[in-house]
Ligand code: ADP
């Protein structure tokens, strides 16, 4: 096998079925990077506890997300796919990193401010430390590349700083500074045509939705707000349906929609129908693989448990080096 270029790490909270934002913002890179890197992908269930009100859905959400990853083309024979809480070394590294992290740096992060805005009554200690735990995830596996959506870039920058601070404080080079890797489409806008696609705003389309569910969501998409009547010419440049056409439709169809929309040759309903059809065709093979994978209900859990063991072996090694670098008694 060809020499790999280094290690990739990425994690996502178990949010259940994945949406187009997760897919084009992150999963596509998870899959592609497997060719050139040793990849470690983690269901970050401990991170999920910072915001969830109940753990009722944690197990099914872990299953559904891992299933989407596998159906998308993650290769468990090569890549390590595991559950964060099953490798508790990350909690230990998190504690050591917290000692070299100025509090103000965490409270200044735009992601933290956003979370406070969303839920001002649930600003717990763990939420402030979210990026420290994320840094521990990445640094524990000595990843050099972290594929994420653009919203996560400040956390990867924080990880670099945490690695530098730790190495400087203890005169070591044990922790490795990683770089972000974005996809071609680092921010997918939701069906409201305004905000980043996400489950909390219910403006998402699941990749594993049925063709009927998908079409229903597409038909409710917000288009060019200036185009009130079928006879009004539209502006594809401000229409999110057109952005999706650019992903799912052929270059010829994109060009023709572009012209026909501007001359009111095509209406929004037909434009959406065509996009939904192309979106469904794009995901048909993935959906079929997904349904095949569910035939063995243990498959996903077997993959994750095998990943736990492989991840733990790497984590134990790094932690030995970390404890030694700090100078903790043996
Ligand atoms: P987490 O917050 O644990 O990362 P999310 O489900 O919010 O979990 O995101 C998982 C991954 O998908 C992250 O890398 C994130 O940047 C990416 N992502 C989520 N939503 C979008 C979106 N609308 N556009 C692009 N990337 C996205």
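Numbering (the working numbering), first residue to last: 658 to 987.
Each residue gets a CB set at the ideal place from its N, CA and C atoms; glycine is no exception.
Bear in mind that the values here come from a model prediction, so they are computed numbers and not experimental data.
Take residue i as the anchor and find which of the options has the nearest alpha-carbon.
i, options, result
"residue 786", "877, 933, 819, 802", "819"
"residue 899", "874, 850, 855, 945", "850"
"residue 927", "878, 709, 798, 754", "878"
"residue 912", "924, 930, 893", "893"
"residue 918", "901, 891, 902, 897", "891"
"residue 755", "788, 804, 865, 831", "788"
"residue 884", "946, 738, 925, 666", "925"
"residue 865", "674, 856, 745, 660", "674"
By Cβ distance, which residues of its chain are closer than 8 Å to residue i, with the 5 residues on each side in sequence left out?
i, result
"residue 719", "671, 700, 702, 740, 961"
"residue 795", "666, 803, 813, 816, 835"
"residue 766", "788, 811, 812, 815"
"residue 958", "720"
With DSSP as the reference, identify every bridge partner of residue i, one or two as the case may be.
i, result
"residue 920", "Beta-bridge pairing links residue 920 to no other residue."
"residue 676", "863"
"residue 699", "668, 739"
"residue 661", "Residue 661 pairs with nothing; no bridge assigned."
"residue 804", "838"
"residue 799", "None; residue 799 has no bridge partner."
"residue 853", "846"
Can you list, in chain order, the residues of its chain with a C-beta nearer than 6 Å to that of residue i? Leave out the 5 residues immediately preceding and following it.
i, result
"residue 678", "845, 854"
"residue 695", "661, 664"
Heavy atom of the ligand ADP less than 7 Å from the Cβ of residue i, yes or no?
i, result
"residue 800", "no"
"residue 786", "no"
"residue 850", "no"
"residue 866", "no"
"residue 845", "yes"
Suppose contacts are defined by Cβ-Cβ distances below 8 Å. Is residue i in contact with residue j by that definition?
i, j, result
"residue 833", "residue 978", "no"
"residue 790", "residue 704", "yes"
"residue 757", "residue 797", "no"
"residue 983", "residue 827", "yes"
"residue 936", "residue 875", "yes"
"residue 939", "residue 905", "yes"
"residue 683", "residue 751", "no"
"residue 709", "residue 800", "no"
"residue 921", "residue 888", "yes"
For residue i, which residues of its own chain have a beta-carbon under 7 Å away from its beta-carbon, when the five flanking residues on both sides are left out?
i, result
"residue 730", "688"
"residue 628", "Because the chain is modelled from 658 through 987, residue 628 falls outside the range shown and cannot be assessed."
"residue 943", "728, 729, 864"
"residue 839", "807"
For residue i, would you say it is in contact with chain B, using Cβ-to-Cβ distances shorter than 8 Å as the test?
i, result
"residue 864", "Reference to chain B is not applicable here, since this structure consists of a single protein chain."
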